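Chemist: Residue numbers (our numbering): 137 to 379.
By construction, the Cβ of each residue, glycine as well, lies at the ideal position given by its N, Cα and C atoms.
Small disclaimer: the values here were computed from a predicted structure and weren't measured.
For reference, the structure I am asking about is given below.
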């Protein structure tokens, strides 16, 4: 499933020299990060259900708080989409309280569980077995599922190559100077950078996204720590700050 689907963003034409340079630059970034941090082993958990629930709960939340909410769900016997579907929204909100925004997230979990119940007879595998384009479109039709959460599910639950763009990825890409100023706030532009310049390989996308998140926490924080950064010598911001 590494490349049969077309990109979610713009269609690719004949490869140009600039595109080859971008591919080489992105792969260089990937290998620098991999050399520094090693494989990240994402997604934490035991299977697709962990990804779906985690992707919803992690919206505007630290992962440590998500883990507490997940532990509560398991302890309450609410670790299936059918159990979530049967649970009242108020009770579900109380269970996932550690994740923050618990009322909104309970509604989102209920909406996802209800959708799978109504459209796929409760079988998550039936939803995830679709191709990238219909799967992503269906996910985006569910309340509370935006592009980032949808791509989390496509990549990490379904194992299909749809690059996840989050705040960490945006920050690093901006500081590296890989994209021009135009379209910097557009999700599809960021995603197109990876889709149009890298092999459509879910293993590569999985690891690259995880490494970017790790790097944003370790070095490329809101206030960048450029001294000793493994990307400093190829980073526009790093070069400017380090002189």
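What's the C-alpha gap between residue 141 and residue 360?
Modeler: Low local confidence applies: a pLDDT of 34 at residue 141 is under 50, so the model's placement there is unreliable, and no value is given.
Chemist: DSSP on residue 335, reduced to helix/strand/coil?
Modeler: DSSP places residue 335 in coil when its eight states are reduced to three.
Chemist: Mark residue 143 as exposed unless 16 or more other C-beta atoms lie within 10 angstroms of its C-beta, in which case mark it buried.
Modeler: Unreliable positioning characterises residue 143 in this predicted model, as indicated by a pLDDT of 35, which lies under 50. The coordinate reading is nonetheless provided below. Classification of residue 143: buried, given that the 10 Å Cβ count is 16 or more.
Chemist: Of all the options 247, 362, 187, 201, which has the alpha carbon lying nearest to the alpha carbon of residue 237?
Modeler: With distances taken between Cα atoms, residue 237 lies closest to 201.
Chemist: Mapping the DSSP letters down to three states, classify residue 374 as helix, strand or coil.
Modeler: The answer is helix: DSSP assigns residue 374 an H, G or I state.
Chemist: Curious, which full-length alpha helix (DSSP H) runs of at least 4 residues does the stretch 333 to 367 contain?
Modeler: Whole alpha helix (DSSP H) segments, 4+ residues: 338 to 354.
Chemist: Under a three-way DSSP split, which group does residue 256 fall into?
Modeler: Helix at residue 256.
Chemist: Relative to the alpha-carbon of residue 314, which residue among 378, 174, 330, 176 has its alpha-carbon at the smallest distance?
Modeler: Closest option to residue 314, Cα to Cα, is 330.
Chemist: Measure the C-alpha to C-alpha separation of residue 195 and residue 347 and round it to an integer number of angstroms.
Modeler: Answer to the nearest angstrom: the Cα atoms are 19 Å apart.
Chemist: Closest to residue 337 by CA distance: which of 265, 305, 290, 353 is it?
Modeler: Considering only alpha carbons, the answer is 290.
Chemist: Which runs of the beta strand (DSSP E) fall wholly inside the stretch 177 to 219 and span at least 3 residues, in chain order?
Modeler: The qualifying runs do not exist here; there are none.
Chemist: Nearest-angstrom Cα distance between residue 206 and residue 232?
Modeler: Cα to Cα, residue 206 sits roughly 7 Å from residue 232.
Chemist: Quick one: grab the DSSP three-state call for residue 175.
Modeler: Of the three classes helix, strand and coil, the one that applies to residue 175 here is coil, per DSSP.
Chemist: Closer than 8 Å is the cut-off here; do at least three beta carbon pairs connect the stretch 244 to 260 with the stretch 298 to 316?
Modeler: Because the criterion of three Cβ pairs below 8 Å is not met, the stretch 244 to 260 and the stretch 298 to 316 do not touch.
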